[in-house]
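In the order they appear, the protein sequences are chains A and B. With the working numbering, the residue at position 376 of the first sequence is 1114, and numbering never jumps. With the working numbering, the residue at position 187 of the second sequence is 181, and numbering never jumps. Just so you know, even glycine gets a beta-carbon here, dropped at the ideal spot from N, CA and C. Computed from a predicted model, the values in this text were never measured in an experiment.
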Amino acid sequence: MYFDTNEDHIMMRKMVRDFAETEVAPGAEERDEKEEFPMDLWKQCGELGLTGITFPEEYGGVGADYTSYAITIEELSRVDASLGVTISAHSSLGSNPIYKFGTEEQKQKYLVPLATGEKMGALGLTESMAGSDASATRTTAVKDGNEYVINGSKIFITNGYYADTYIVTAQMDKSKGHKGIAAFIVEKGTPGFTFGKKEKKMGIRSSATYELVFEDMRIPAENLLGEEGQGFKIALVTLDYGRIGIAAQALGIAQGAYDQALKYAKERVQFGKPISQLQAIQFKLADMETQITAARLMVYKACELATAGKPVSQAAAMAKVFAAEVANWVTKEAVQILGGYGYTREYPVERMMRDAKITEIYEGTSEIQRVVIANNILKD
Amino acid sequence: MNIVVVIKQTFDTEAKIVLKDGQIDPSGVSLVINPYDEFAIEEALRIQKKFGGEVTVVSCGGPRSQEAIRTALAMGCDKGVQIDETALESVDEYVRAEVLAKAISEMPYDIILGGRIAVDDRSSQVAVRLAEALNIPSVSSVVKLDIENNIATATREIDGGTEIIEVPLPAMITAQKGLNEPRYPTMPGIMKARKKELKVINPADLGVSDLSAKMKVQNYSLPTPRQGGKKIEGEPAEAARELARLLREEAKVL
């Protein structure tokens, strides 16, 4: 393994970068300001085949590898982390559980339109009292004849409101703890399914984050994903793969901030020369490039394992925690290099610094990543 | 309708030109499809959508030109042909037009499309020479193209306006900016491109009688760096006098 990219990857990167710089970057500042979800860009992503990269062609996907997926998220996030997470949450969280655990009928009915980008996906896992401790899920599901009746609410749901298809976890037997949880496929528009509060966030402000509310919502029994009691496992496996997307998002944010800082350092003249000729700035740039390169190797390694069908849990957690911390450090340094200009909204680095923070929090905080890594190290 | 698109791989328009041992150094430079050729590819794909048939993309170049052909295949072209220039001693517009004409004359074509100019050497010759060599009409700098009953109606840019020209097919059309908005290659397109046919032709096998370049490059030089402006200090009347003097004596425009 070389954790490297091949000729297809190079062409994909060029395509996504062209698209990102031409279509995505120009409106990123305004969308951030207005907290505006880019439905038009989402549609374009679907047309370009960015909404189902890792799924086989028979399920509407592209049939490409995880590295192609990571490159896509990376390049989108390089100019707009909000669009990056929209695609990542749709693919990894909303679609992948159906691919991994769905029946053939469920895949044909739900995965195909998700992969082609005709429909958008989301995952309803987090609750107000069940964050890192997903086993504390309070949303309930009760079987009633040929239906399940679901009650409860989910918070912080990426792509909420805009998504058409939701994977929702609910507790069926509290006495069994996390083994009582089941996962369901829920369609937007189901009676009893409404949207609550829209979150006002520090960063990734043009991605949608909503509360989902279920009041005696009835869904057909065939929408159970996997088996009853399998929901917690489905969530964990989903997050293992999802972290690759967030690691790639963090990597893209870091690369975007570094590219901005490098360009600025070459142009900004102080003391009669570009500040890139000052060793204080040079050392920052050297450290940024080094950290980003290390993060990229870790992300691509996790991708190669995922593509090969090998266990990804530890590699994805390591890539995610490392890339997230790199993104936070690099964006902070980028703002520093741009100085007063970097702190203004005239330049994108302050947005990137705000966007970077969430990568240390969602799909498992950095602390939870370390728990996952330690559990893998010590499992024997 | 069988459509042939001739493309050239050029330096990225943002690339920095570096001379090494008197030659342009391509190492480390990112290469792209000549932007005007992208309009030609897009138009070819639109014509194909309307009339069916196959789109073949042909390029003269070294091994790296295959990247450009693959990109065209990822955009939706069906087949690629690379005329490998590696073995040729020197190449100019004459040689390129001759080998292209020979290669294309052996394939079925109803229309040939290309860019109006390549952004590297900006010679604007190959497409027109190719049409001459194939003895077909050509229309350059086209911003609008309609095809009906085997007649192409092309709107082309001319000084101060536009001109509409009708030509019977087969014809050579060169694309000007404004003809269309080229599509991005798609993810599935990129995956499929690898499986599409890309034929490599050795120009020596084409049977062109004279493969020697008619043009010889003496040397390359970079443009002189732009000089900074001159600021004339002092009292307005004094400064105006100095300006007039400089315009007359140095700039020699008065």
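Cutoff 6 Å; reference L248 of chain B; Cβ partners in own chain excluding five residues on either side: To locate residue 248 of chain B, count along the second sequence from 1; it is residue 254. Hits under 6 Å: L241 and R242.
8 Å Cβ cutoff, V800 of chain A in contact with chain B: The count along the first sequence starts at 1 and reaches residue 800 of chain A at position 62. Chain B, which has a Cβ nearer than 8 Å to the Cβ of V800 of chain A, makes this yes.
Identified DSSP bridge partners for R956 of chain A: To locate residue 956 of chain A, count along the first sequence from 1; it is residue 218. According to DSSP, R956 of chain A bridges with A:V887.
Cβ-Cβ separation, A1054 of chain A to Y979 of chain A (assumed contact under 8 Å), whole Å: The residue you call residue 979 of chain A lines up with position 241 of the first sequence. The residue you call residue 1054 of chain A lines up with position 316 of the first sequence. Indeed, because the Cβ distance is near 7 Å, the residues count as touching under 8 Å.
C-beta neighbour in chain A for I184 of chain B, strict 8 Å: Locating residue 184 of chain B in the second sequence gives position 190, where the first residue counts as 1. Yes, I184 of chain B lies at the interface with chain A (some Cβ there is under 8 Å from its Cβ).
Interface residues of the region 778 to 808 of chain A facing chain B [CB-CB below 8 Å]: E785, L786, G787, L788, I791, E795, V800, G801, A802 and S806
CB contact below 8 Å: M1119 of chain A versus chain B: Residue 1119 of chain A is absent from the structure shown; chain A starts at 739 and stops at 1118.
Nearest to L249 of chain B (by Cα), restricted to the options B:D72, B:M69 and B:P197: Chain B is shown only over -5 to 248; residue 249 of chain B falls outside these bounds and no answer can be derived.
C-alpha distance - V850 of chain A paired with Y1081 of chain A, whole-angstrom precision: For the purposes of this step, residue 850 of chain A is taken as the residue at position 112 of the first sequence. For the purposes of this step, residue 1081 of chain A is taken as the residue at position 343 of the first sequence. Roughly 44 Å between the two C-alpha positions.
Contained beta strand (DSSP E) runs [length at least 3] in the region 40 to 116 of chain B, N- to C-terminal order: 49 to 55, 73 to 78 and 105 to 109
N- and C-terminal bounds of the alpha helix (DSSP H) containing K1070 of chain A: The count along the first sequence starts at 1 and reaches residue 1070 of chain A at position 332. Segment S1051 to Y1081, the alpha helix (DSSP H) holding K1070 of chain A.
The region 890 to 910 of chain A in contact with the region 926 to 941 of chain A per 3-pair CB rule at 8 Å: The region 890 to 910 of chain A vs the region 926 to 941 of chain A: in contact.
Closer than 8 Å to chain A by CB, A68 of chain B: Indexing the second sequence from 1 puts residue 68 of chain B at position 74. Closer than 8 Å: yes.
C-alpha distance - S826 of chain A paired with E812 of chain A, whole-angstrom precision: The residue given as residue 826 of chain A occupies position 88 in the first sequence. The residue given as residue 812 of chain A occupies position 74 in the first sequence. Roughly 10 Å separates the two Cα atoms.
Three-way DSSP call (helix, strand, coil) for R235 of chain B in this model: Taking the first residue of the second sequence as position 1, residue 235 of chain B is located at position 241. Three-state DSSP puts R235 of chain B in a helix.
Counterpart residues of Q1008 of chain A in DSSP-defined beta bridges: The residue given as residue 1008 of chain A occupies position 270 in the first sequence. Per DSSP, A:K1011.
Cβ of R188 of chain B within 8 Å of any chain A Cβ: Locating residue 188 of chain B in the second sequence gives position 194, where the first residue counts as 1. So, interface residue.
Chain A within 8 Å of A178 of chain B, Cβ atoms only: Residue numbering aside, residue 178 of chain B sits at position 184 when the second sequence is read from its first letter. Sequence inspection shows Tyr at residue 178 of chain B; the Ala mentioned does not correspond to that position. Output row for Y178 of chain B: interface = yes.
Rounded separation between K208 of chain B and E191 of chain B - CA only: Numbered from its first residue, the second sequence carries residue 208 of chain B at position 214. Numbered from its first residue, the second sequence carries residue 191 of chain B at position 197. When rounded, the distance between both Cα atoms is 33 Å.
6 Å CB neighbourhood of D6 of chain B in its chain, flanking five on each side removed: By 1-based counting over the second sequence, the position of residue 6 of chain B is 12. Correct list, in chain order: S24 and V26.
Neighbour list for R64 of chain B in chain A, Cβ cutoff strictly below 7 Å: Here residue 64 of chain B is taken as the residue at index 70 of the second sequence, counted from 1. Residues of chain A passing the Cβ test: M749.
Inside the region 845 to 928 of chain A only - beta strand (DSSP E) runs reaching at least 3 residues: The DSSP assignment places complete beta strand (DSSP E) segments of no fewer than 3 residues inside the region 845 to 928 of chain A at 859 to 862, 878 to 882, 885 to 896, 903 to 909 and 919 to 925, in order along the chain.
Below-8 Å beta-carbon distance, M753 of chain A vs any chain B residue: Here residue 753 of chain A is taken as the residue at index 15 of the first sequence, counted from 1. Chain B contact via Cβ: present.
Bridge partners - S132 of chain B, DSSP secondary structure assignment: Within the second sequence, the letter at position 138 stands for residue 132 of chain B. DSSP, once it has assigned bridges, lists B:M166 as partnering S132 of chain B.
Expected contact under 8 Å - CB spacing of P1086 of chain A and E767 of chain A to nearest Å: Here the question's residue 1086 of chain A lines up with position 348 in the first sequence. Here the question's residue 767 of chain A lines up with position 29 in the first sequence. The Cβ separation is near 7 Å, so the contact holds.
Where E191 of chain B falls: helix, strand or coil (DSSP): Along the second sequence, read from residue 1 onward, the residue named residue 191 of chain B stands at position 197. Coil at E191 of chain B, not helix or strand.
Range of the contiguous beta strand (DSSP E) that encloses G3 of chain B: Looking up residue 3 of chain B in the second sequence gives position 9. It should be noted that the sequence gives Gln, not Gly, for residue 3 of chain B. First-last of the beta strand (DSSP E) with Q3 of chain B: Q3 to F5.
Nearest-angstrom Cβ-Cβ length linking T976 of chain A and L788 of chain A, presumed shorter than 8 Å: Position 238 of the first sequence, counted from the first residue, corresponds to residue 976 of chain A. Position 50 of the first sequence, counted from the first residue, corresponds to residue 788 of chain A. Going by Cβ atoms, the distance from T976 of chain A to L788 of chain A rounds to 20 Å, so no, they are not a contact pair.
N-terminal and C-terminal residue of the beta strand (DSSP E) that G934 of chain A is part of: Locating residue 934 of chain A in the first sequence gives position 196, counting from the first residue. G934 of chain A -> beta strand (DSSP E) spans F931 to K936.
Chain B contact for D742 of chain A (CB, 8 Å cutoff): Looking up residue 742 of chain A in the first sequence gives position 4. Chain B contact via Cβ: absent.
For R239 of chain B and E229 of chain B, the rounded distance between their alpha carbons: Numbered from its first residue, the second sequence carries residue 229 of chain B at position 235. Numbered from its first residue, the second sequence carries residue 239 of chain B at position 245. So the two alpha carbons sit approximately 15 Å from each other.
beta-carbon P197 of chain B near the ligand COA non-hydrogen atom, thresh 7 Å: Of ligands this structure carries none, so the ligand COA is not represented either.
Start and end residues, beta strand (DSSP E) containing V1037 of chain A: Walking along the first sequence from the start, residue 1037 of chain A turns up at place 299. Premise fails: V1037 of chain A lies in the alpha helix (DSSP H), Q1017 to A1046, not in any beta strand (DSSP E).
Any C-beta of chain A under 8 Å from that of M(-5) of chain B: One-based indexing of the second sequence puts residue -5 of chain B at position 1. No - not a single Cβ of chain A is within 8 Å of the one on M(-5) of chain B.
Neighbour-count burial assignment, T1031 of chain A, 16 or more Cβ in a 10 Å radius: Locating residue 1031 of chain A in the first sequence gives position 293, counting from the first residue. That one is exposed.
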